[in-house]
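To convert a position in the sequence shown, counted from 1, into our numbering, add 2.
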Amino acid sequence: MLTSIVYFLIIFALANFFYFVYPESSKIGKRFLVSLGIVITISVIISLFEGKSFIIEGIVTITGYYSSLFLVHRIIIKILRKNNYWIYHLLFLPMATFVTIFFTALMQDIFRYS
C-alpha cells in the first residue's frame with residue numbers, strides 16, 4: 003500500500019516536472035540534453051554507492067527510464083495534443099505505469115535479474 007502511494011507521488015512529481023520543464027517545442031532538445039546529463043550524473047553517483055560493477059547498469063536503467071517517460075510526455079503533448087494540466091496528468095499516470103511495467107521487464111531480461 004505504501005509502495006503504491008510512493009509510486010503515484012513519484013509519477014505525479016515526474017509528470018509535473020515534464021509538464022513545466024518541456025511545455026513548448028523551442029529549445030526542447032537542448033533542455034532535454036541538459037536534464038539527461040544531470041540524470042546521468044545522478045545515476046553515476048548512485049551506482050558508485052552500489053559498487054563500481056553497477057555503473058553501466060545504473061546508467062542504462064535510470065537514463066532509459068527517464069527517456070521513456072520523456073517519450074510518454076512527447077506523445078501526450080505532440081500526438082494527443084493535450085495541454086490541459088489535469089487531462090495531461092490523467093493520461094500520464096496510466097501511460098507511465100505501462101511504461102514502468104514494460105521497462106522493468108526489459109531491464110530484468112537484459113541484466114538477468116532473478
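We put the beta carbon where it would ideally sit given N, CA and C, even for glycine. Because the structure is a prediction, the values reported are computed rather than measured.
Which same chain residues end up closer than 6 Å to residue i when comparing Cβ atoms and leaving out the 5 residues on each side of it in sequence?
i, result
"tyrosine 67", "Phe105"
"valine 23", "none"
"threonine 63", "Met109"
Could you pull out every residue in the same chain whose Cβ sits closer than 8 Å to the Cβ of residue i, ignoring the five residues on either side in sequence?
i, result
"glutamate 52", "Gly60"
"threonine 99", "Ile13"
"leucine 93", "Ile78, Leu82, Lys84"
"methionine 97", "Val74, Ile77, Ile78"
Please determine, among the options, the residue with the shortest C-alpha to C-alpha distance to residue i.
i, options, result
"glutamate 26", "Leu11, Ile58, Arg83", "Arg83"
"tyrosine 87", "Leu4, Asn18, Tyr9, Ile7", "Asn18"
"serine 45", "Phe34, Thr65, Val36", "Thr65"
"histidine 75", "Ile30, Val8, Val36, Thr5", "Ile30"
"leucine 11", "Ile42, Leu50, Leu95", "Leu95"
"phenylalanine 113", "Ile57, Tyr90, Leu73", "Ile57"
"leucine 35", "Phe72, Ser49, Ala15", "Phe72"
"lysine 80", "Tyr21, Thr5, Ile42", "Tyr21"
"tyrosine 90", "Val8, Leu16, Tyr9", "Leu16"
For residue i, which residues of its own chain have a beta-carbon under 7 Å away from its beta-carbon, when the five flanking residues on both sides are left out?
i, result
"serine 70", "Val101, Phe105"
"serine 116", "Summary for serine 116: the model assigns pLDDT 47, below 50, so the residue's position carries little reliability, and this model does not support an answer."
Grab the span of the alpha helix (DSSP H) containing residue i for me, first residue to last.
i, result
"serine 6", "4 to 23"
"glutamate 26", "Run containing glutamate 26: none; DSSP gives neither H nor E here."
Whole alpha helix (DSSP H) runs in the region 57 to 108 with 4 or more residues, listed along the chain? Secondary structure in the region 57 to 108: the alpha helix (DSSP H) runs of 4 residues or longer, each lying completely within the stretch, are 57 to 76 in chain order.
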